[in-house]
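In the working numbering, the protein residues as written are 1094 to 1392.
Next up, the structure:
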């Protein structure tokens, strides 16, 4: 799932300085207690590096967890994948979805297990993370310039620093931070840094790198609230396209849920559409099509 990495020295100094170096990430891991990558994902990645990966071995690894096996079977027969006959086996689910997409799904499930922050707001967080990742994969297939599995992985990881910070800082305190940040009066990460000295973007980047996620995704996680990266001079960077796709996907999710207030869209939405070459009509058409295919709908 690695993608080609554009060097950070092509970013202007103020943007490049926002990217965490290895020492900073190591300090974050030690101080905040970012969880290590679970054994199951390490074994899956090792198998995926084989040429070609063995489907039966991938299925054997996944079947060490009943809940994960059930989730794979359910996803393999989701309406937006297409019609299939019967539920089949976990091995057939890998064949139907593709190994990389299955690994992205497994990552989402494992993240929920290793970051067990509870409460209504976190349930919404995980729900949005899942919907965003699936919607981004769909948009990437339509847009054609980002690999769908890379887009899906970024959609999953881009806000993963939030549950990490909920664990690091006492939940009531950080929930106050989230409430203020969601008002949209100031940039989200600016509110976090003022209250806690760090933000979920850099913490999420630390977790993503610790888990072996590709460097383009790490860069996008770190910069996904800094919309300078959507400027004309950066639009060919993989991280810029990922951030733009995420903004579009999140806006679609908000609208389909009847929530028109979206401070991040107000800050970066126009740039996101321009960087992807999308018109307002494209946005409306794709939004309706995603909803029809049940990518964003559901409880």
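Glycine included, every Cβ here is placed at the ideal spot set by N, Cα and C.
Helix, strand or coil: how does DSSP classify residue i here?
i            : result
residue 1278 : coil
residue 1404 : Because residue 1404 is not part of the residues shown, which for the chain are 1094 to 1392, the question remains open.
residue 1145 : coil
residue 1181 : coil
residue 1293 : helix
residue 1379 : helix
residue 1270 : helix
residue 1130 : coil
residue 1288 : helix
residue 1372 : coil
residue 1176 : Residue confidence is low: residue 1176 scores 49 on pLDDT, short of 50, so the model does not pin down where it sits. Its coordinate-derived value is still stated next. Note: residue 1176 maps to coil in three-state DSSP.
residue 1417 : With the chain running from 1094 to 1392 in the structure shown, residue 1417 is simply not present.
residue 1309 : helix
residue 1304 : coil
residue 1354 : coil
From residue i to residue j, what distance separates their C-alpha atoms?
i            : j            : result
residue 1161 : residue 1232 : 25 angstroms
residue 1192 : residue 1322 : 31 angstroms
residue 1187 : residue 1241 : 16 angstroms
residue 1340 : residue 1169 : 26 angstroms
residue 1307 : residue 1243 : 9 angstroms
residue 1179 : residue 1276 : The predicted position of residue 1179 is uncertain, since its pLDDT is 48 and thus under 50; a value taken from the coordinates is nonetheless stated next. Going by the C-alpha atoms only, they are around 46 angstroms apart.
residue 1280 : residue 1312 : 18 angstroms
residue 1338 : residue 1235 : 11 angstroms
residue 1288 : residue 1270 : 7 angstroms
residue 1335 : residue 1224 : 15 angstroms
residue 1319 : residue 1181 : 44 angstroms
residue 1266 : residue 1346 : 27 angstroms
residue 1159 : residue 1247 : 26 angstroms
residue 1149 : residue 1255 : 35 angstroms
residue 1262 : residue 1291 : 11 angstroms
residue 1365 : residue 1143 : 36 angstroms
residue 1257 : residue 1343 : 21 angstroms
residue 1157 : residue 1385 : 34 angstroms
residue 1189 : residue 1167 : 12 angstroms
residue 1368 : residue 1237 : 13 angstroms
residue 1134 : residue 1260 : 22 angstroms
residue 1251 : residue 1136 : 23 angstroms
residue 1216 : residue 1208 : 12 angstroms
residue 1333 : residue 1360 : 15 angstroms
residue 1147 : residue 1226 : 25 angstroms
residue 1176 : residue 1286 : Because residue 1176 sits at a pLDDT of 49, beneath the cut-off of 50, its placement in the model cannot be relied upon, and the following sentence gives the value as read from the coordinates. Those two C-alpha atoms are separated by around 47 angstroms.
residue 1199 : residue 1249 : 11 angstroms
Apply the 10 Å Cβ neighbour rule to residue i and answer buried if 16 or more other Cβ atoms are within range, or exposed otherwise.
i            : result
residue 1302 : buried
residue 1372 : exposed
residue 1438 : Not covered by the structure: residue 1438. The range shown for the chain is 1094 to 1392.
residue 1163 : exposed
residue 1194 : buried
residue 1326 : exposed
residue 1393 : Residue 1393 lies beyond the stretch modelled for the chain, which goes from 1094 to 1392, so this question has no answer here.
residue 1293 : buried
residue 1382 : exposed
residue 1377 : exposed
residue 1380 : buried
residue 1374 : exposed
If contacts are defined as beta-carbon pairs under 8 angstroms, then residue i and residue j qualify, I think. What distance do you get, rounded to the angstrom?
i            : j            : result
residue 1305 : residue 1130 : 6 angstroms
residue 1393 : residue 1152 : Missing from the structure shown is residue 1393; the chain here goes from 1094 to 1392 and no further.
residue 1201 : residue 1222 : 7 angstroms
residue 1155 : residue 1165 : 6 angstroms
residue 1284 : residue 1274 : 4 angstroms
residue 1245 : residue 1197 : 5 angstroms
Contiguous alpha helix (DSSP H) assignments of at least 4 residues, all confined to the region 1185-1267
Within the region 1185-1267, complete alpha helix (DSSP H) segments of at least 4 residues are found at 1192-1207, 1213-1236, 1241-1250 and 1254-1261, given in chain order.
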